[in-house]
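J.:
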Amino acid sequence: MTVDTSLPPTNGTAPVKKTGKKRKLATEAVIIGAIALIFIVGAPLVLSDFRLNLLGRFLSLVIVALGIDLIWGFTGLLSLGHGIFFALGGYALAMHLNLQLPEGQIPEFFGLYGVAELPWFWTPFYSFPFTVVAIFVIPGIVAGLLGYLVFRNRIRGVYFSILTQAALVVFFNFFNGQQKLINGTNGLKTDTEEIFGVLASSDEARLGFYIVTVLMLVGGYVVCRWLTSGRFGRLLMAIRDDETRVRFTGYDPTGFKVFVFVVSGALAGVSGALYTVQSGIITPNAMEVAFSIEMVIWVAVGGRATIVGAVIGTLIVRWGRTILSEQFPEIWLFFLGALYLIVVTVLPNGIVGWLRHQAAGQLRSVFGRSQPVATYPSLEFDPDVKQEKEALQSSSTKEG
Amino acid sequence: MAANILDIDNLTVSFDGFKALNDLNFHMNEGELRVIIGPNGAGKTTFLDVITGKVQPTEGHARFKGKNLSRRSEDAIARLGIGRKFQTPRVYLNLTPRENLELTCNRTKTVWSTLFKPTPSAERRTVSGLLETIGLVTKADIPSALLSHGEKQWLEIGMLVAQSPDLLLVDEPVAGMTDEETERTGELLIALAESHSVIVIEHDMEFVRQIARQVTVLHQGSVLCEGTMDQVQNDPRVIEVYLGQAPTLTAEQMTILRVAAAMAWADKNFAPVQQDVILSRLSRHFAPDPEFQDELKQELRDYLAKDIPLEDLVPQLKAKEDKEMALTLGYEVIVSNGINEKEAVVYQHLVDLLGLPPERVTQLETDVRASMN
Chain A
0 MTVDTSLPPT NGTAPVKKTG KKRKLATEAV IIGAIALIFI VGAPLVLSDF
50 RLNLLGRFLS LVIVALGIDL IWGFTGLLSL GHGIFFALGG YALAMHLNLQ
100 LPEGQIPEFF GLYGVAELPW FWTPFYSFPF TVVAIFVIPG IVAGLLGYLV
150 FRNRIRGVYF SILTQAALVV FFNFFNGQQK LINGTNGLKT DTEEIFGVLA
200 SSDEARLGFY IVTVLMLVGG YVVCRWLTSG RFGRLLMAIR DDETRVRFTG
250 YDPTGFKVFV FVVSGALAGV SGALYTVQSG IITPNAMEVA FSIEMVIWVA
300 VGGRATIVGA VIGTLIVRWG RTILSEQFPE IWLFFLGALY LIVVTVLPNG
350 IVGWLRHQAA GQLRSVFGRS QPVATYPSLE FDPDVKQEKE ALQSSSTKEG
Chain B
0 MAANILDIDN LTVSFDGFKA LNDLNFHMNE GELRVIIGPN GAGKTTFLDV
50 ITGKVQPTEG HARFKGKNLS RRSEDAIARL GIGRKFQTPR VYLNLTPREN
100 LELTCNRTKT VWSTLFKPTP SAERRTVSGL LETIGLVTKA DIPSALLSHG
150 EKQWLEIGML VAQSPDLLLV DEPVAGMTDE ETERTGELLI ALAESHSVIV
200 IEHDMEFVRQ IARQVTVLHQ GSVLCEGTMD QVQNDPRVIE VYLGQAPTLT
250 AEQMTILRVA AAMAWADKNF APVQQDVILS RLSRHFAPDP EFQDELKQEL
300 RDYLAKDIPL EDLVPQLKAK EDKEMALTLG YEVIVSNGIN EKEAVVYQHL
350 VDLLGLPPER VTQLETDVRA SMN
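The listed protein sequences correspond, in order, to chains A and B. Per numbering that gives the first Met the number 0, the very first residue in the first sequence carries number 0; after that it's consecutive. Per numbering that gives the first Met the number 0, the very first residue in the second sequence carries number 0; after that it's consecutive.
So this is what it looks like as structure tokens:
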């Protein structure tokens, strides 16, 4: 008898929850589709070519922010070296564009350093399919190697951050010094090159890049959502919260961390490639320490471990930076600094985290409404207490 | 040998010369529930660390089902079938109890299967069953951060079971629990011991008594003694390491005193004043000078607070003199305030258990009565 009575509710709730989840997912998919459509169709009609190009650049940066959120927000590994992967992606595409030459010629800059023959590693970049694959595979492989060495030796926390930054400096100096291989400090220009027979800096090409960026961003968002929901996502959070415990339950965290780092690096590569073609040049400056730290700040402003937060944070910081630098060319950096300070001190969970947890209460108090009575969260959430409350309410309404 | 689930031979772990474990030998049968006690710094936690691969042995080795555990990583050892519960509850606070259990329940713990395979319905059922066992059905879908301390401990024990290991290592499961929670935890562990081998590390003696069958005492990194709870508690070496001073009595004398105490407690109705009289009478038998008697009285009060069945105590007495002494003292105790019916029954039981020749019993009784007059 007791078994019979206890079974129906458990059987009943499970399917209901599942359809609820599915409906939620469907709603999210529709919203994302609609936003993407607005960006692809609407924005080119409204914005000037210059502004559209700017928006395209911001959106390509959002992709690397997604990668940072994945590795930092969800897995708890603060990488300060994503500039490496960003630049590798950028260089891959730039090399392909620089090779759009008549048979037998090599890129002009080689002449400056007396190089007559194309370095061997340039050759595969003649092929467009190879380049497309290389844009995310090369950063992925580098991330995989770096990640494997670091995570296998159980380097964590601040040591991991320092290591990634050190790697960044190494790559920066290497790229800076190799004039004969990749034009050193000057970097590779893309806006004077052709892609599919169209000049890369022409409006048509730029619109094309913009649309590809929006599509890649949607793709990146979906990948991140897929990775962070479900069992894998929960395991990432478990690694972030208590890695030792994960180890003692029989999971080897190394594999999981390397995998996430690879995905994160690949996203950075895509981001770098798209940013490069839209800004017209890639130089070793993409591997400056400050830039990699800025990526982390976008995520912090938007809200860690919230994928939407990475998108919103990047757009706000970048857009604000553009507007302020146009209006106040002298002092705009101060505004940027102030923004970071505000976020760190007032909004430790970022904008999205604030909206989700504190915004309602704080807005109420601003408008002079009373706060909901605060009790222990365990009381608020305790299902037993809830049931009791409901019973009390129903009995009092009966009396009334 | 084949039935041993855990064999530890000559295990030494030294940290920069400090030997946390020193030539430790430990064997455990499959299906056993073993409690390990020991004062602070005895090496209990290091002992678990070595088994679970967190610390590598300096010398010697640990074998689980005949497989050497040295140089295996923590996760590989966990997959072999050793689960560990930590001292402080370590659950994933941002996940719900259900998600916590599902993560540990997962059978194939590789990246690909975690990513691509949906949770099998068998595992879902296991998790639902476990939630019921640990009493968290109503709280299955709220973040674990909102659970109380006891509930977190239970959830972690649940996670341990979800892992379905063959050997459970439980480190101080009842620290910080209420009495009621402690008792329920004890029942849970005993239930678990029916299908698993369990090692429990504990400080709480009350709790140890509730669950323990076999107890191992660690001291300064090696096994001090092993046996049932009563054997261990009467062992003067154990008393010494726990109270920091050697007891003035030998193990046999302690047993004799416990027998006498059991007689005194026989009618369950025992005024404190009488208790004092009897304690002083008992101590006089063993201690010559008054100052020493006071000290001994205090000791007796500390050790004799427990009511232990005679069946456990009497077989520990081997020598004839000891048996006679136990009888004499026991008789003296009950005679001192007049024999009532219950005491007579218990006394008769004691006489039967001791198995001394009847004429000797009569003679001793006469002696006691003579000495009292």
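No residue lacks a Cβ here, since even glycine has one placed at the ideal position from N, Cα and C.
Is it the case that the stretch 87-94 of chain A contacts the stretch 232-242 of chain A, given that we only count it when at least three CB pairs across the two stretches are under 8 Å?
T.: Verdict: no, contact absent.
J.: B:G59 lies in the beta strand (DSSP E); which residues open and close that run?
T.: 58-63 is the span of the beta strand (DSSP E), which, as asked, contains B:G59.
J.: Excluding five sequence neighbours on each side, which residues of the same chain lie with their C-beta closer than 7 Å to the C-beta of A:F150?
T.: Excluding positions up to five away in sequence, the list reads T253, K256, V257.
J.: From what residue to what residue does the beta strand (DSSP E) around B:D48 run?
T.: Where B:D48 is concerned, there is no enclosing beta strand (DSSP E), although the alpha helix (DSSP H) it sits in stretches over 43-51.
J.: In the structure shown, what three-state DSSP assignment does B:L363 receive?
T.: In the structure shown, B:L363 sits in a helix (DSSP, three-state: H, G or I).
J.: Excluding the 5 residues preceding and the 5 following A:G11 in the sequence, name in chain order all residues of the same chain whose CB lies nearer than 6 Å to its CB.
T.: Because A:G11 sits at a pLDDT of 39, beneath the cut-off of 50, its placement in the model cannot be relied upon, and the point is left open.
J.: Starting from B:K18, trace the beta strand (DSSP E) in both directions and tell me its first and last residue.
T.: Element bounds for B:K18: 17-28.
J.: Exposed or buried, what is A:F49 when buried is set at 16 or more other beta-carbons lying within 10 Å of its beta-carbon?
T.: Flag for A:F49 reads exposed.
J.: Between the stretch 101-108 of chain A and the stretch 293-313 of chain A, can you find at least three pairs of beta-carbon atoms closer than 8 Å?
T.: Touching, no, given that fewer than three Cβ pairs across the two stretches are closer than 8 Å.
J.: For A:L226, count the other beta carbons within 10 Å of its own beta carbon; 16 or more makes it buried, fewer makes it exposed. Which is it?
T.: The residue in question, A:L226, is buried, as its Cβ has 16 or more Cβ neighbours within 10 Å.
J.: For a test of the three-state rule: what should DSSP assign to A:N175, helix, strand or coil?
T.: Three-state DSSP puts A:N175 in a helix.
J.: According to DSSP, B:N67 sits in a beta bridge with which residue or residues?
T.: Answer is B:R62, bridged to B:N67.
J.: Nearest to A:S47 by alpha carbon, out of A:V342, A:D202, A:S228, A:L24?
T.: Of the candidates A:V342, A:D202, A:S228, A:L24, the one whose C-alpha sits nearest the C-alpha of A:S47 is A:D202.
J.: Is the CB-CB distance between B:T45 and B:T11 below 7 Å?
T.: No, they are not a contact pair.
J.: Is there a C-beta anywhere in chain A that falls below 7 Å from the one on B:R83?
T.: B:R83 counts as touching chain A.
J.: Who does B:D178 pair with in a DSSP beta bridge?
T.: Paired residue(s): none; B:D178 is not in a bridge.
J.: Out of curiosity, what's the CA-to-CA distance linking B:E180 and A:F84?
T.: Their Cα atoms are separated by approximately 53 Å.
J.: Give me the subset of the stretch 179-202 of chain B whose CB atoms are less than 9 Å from a CB atom of chain A, sorted by chain position.
T.: Correct list: empty, as no residue qualifies.
J.: With a cut-off of 8 Å on the beta carbons, I'd call A:V276 and A:F195 a contact; round off their distance for me.
T.: In fact, because the Cβ distance is near 12 Å, the residues do not count as touching under 8 Å.
J.: By the three-class DSSP mapping on this structure, what secondary structure does B:E225 have?
T.: DSSP places B:E225 in strand when its eight states are reduced to three.
J.: When the Cβ atoms of the stretch 173-182 of chain A are set against those of the stretch 17-31 of chain A, are three or more pairs found closer than 8 Å?
T.: The stretch 173-182 of chain A is not in contact with the stretch 17-31 of chain A.
J.: Take B:V90 and list the residues in its own chain whose beta-carbon comes closer than 6 Å to its own, dropping the five residues that flank it on each side.
T.: Counting only Cβ-Cβ distances below 6 Å, and skipping sequence neighbours, we find N99, S143, K151, L154, E155.
J.: Which whole-angstrom value describes the C-beta separation of B:K84 and B:L168, a residue pair presumed to lie in contact below a C-beta threshold of 8 Å?
T.: Yes, B:K84 and B:L168 are in contact; Cβ-Cβ is about 7 Å, under 8 Å.
J.: Can you tell which of B:R368, B:L355, B:G65, B:R106 has its C-alpha closest to the C-alpha of B:S120?
T.: The shortest C-alpha separation from B:S120 is found at B:R106.
J.: Quick check on A:N182: buried or exposed, where buried means 16 or more other Cβ atoms within 10 Å of its Cβ?
T.: Per the 10 Å Cβ criterion, buried.
J.: Alpha helix (DSSP H) containing A:G264: first to last residue?
T.: Element bounds for A:G264: 252-278.
J.: When the Cβ atoms of the stretch 160-179 of chain B are set against those of the stretch 191-203 of chain B, are three or more pairs found closer than 8 Å?
T.: Touching, yes.
J.: For B:A1, count neighbouring C-beta atoms within 10 Å of its own C-beta (all shown protein chains included) and say buried if the count is 16 or more, exposed if not.
T.: With a pLDDT of 48 at B:A1, under the threshold of 50, the predicted position of this residue should be treated as unreliable, and no value is reported.
J.: Return the residue from the list B:F206, B:R236, B:E342, B:A260 that minimises the CA-CA distance to B:V216.
T.: Nearest option by C-alpha distance: B:R236.
J.: To the nearest angstrom, how far is the alpha carbon of B:A19 from that of B:V367?
T.: C-alpha separation (whole angstroms): 52 Å.
J.: Does B:Q152 get closer than 7 Å to chain A when you measure Cβ to Cβ?
T.: For B:Q152, the answer is no, since every Cβ of chain A falls outside 7 Å of its Cβ.
J.: Would B:V160 and B:F206 qualify as a contact pair, given that the criterion is a beta-carbon distance under 7 Å?
T.: Result no, Cβ atoms of B:V160 and B:F206 do not sit closer than 7 Å.
J.: With DSSP collapsed to three states, give me the class of A:I105.
T.: Three-state result, A:I105: coil.
J.: Counting pairs of beta carbons, one from the stretch 69-76 of chain B and one from the stretch 127-143 of chain B, are three or more of them closer than 8 Å?
T.: The answer is no - the stretch 127-143 of chain B does not touch the stretch 69-76 of chain B, with fewer than three Cβ pairs under 8 Å.
J.: Assuming A:R320 contacts A:L335 (C-beta within less than 8 Å), just tell me the rounded distance between them.
T.: Their Cβ separation, rounded to whole angstroms, is 6 Å, which keeps A:R320 and A:L335 in contact under 8 Å.
J.: Do B:V34 and B:V199 have their CB atoms nearer than 7 Å?
T.: Contact flag set, yes.
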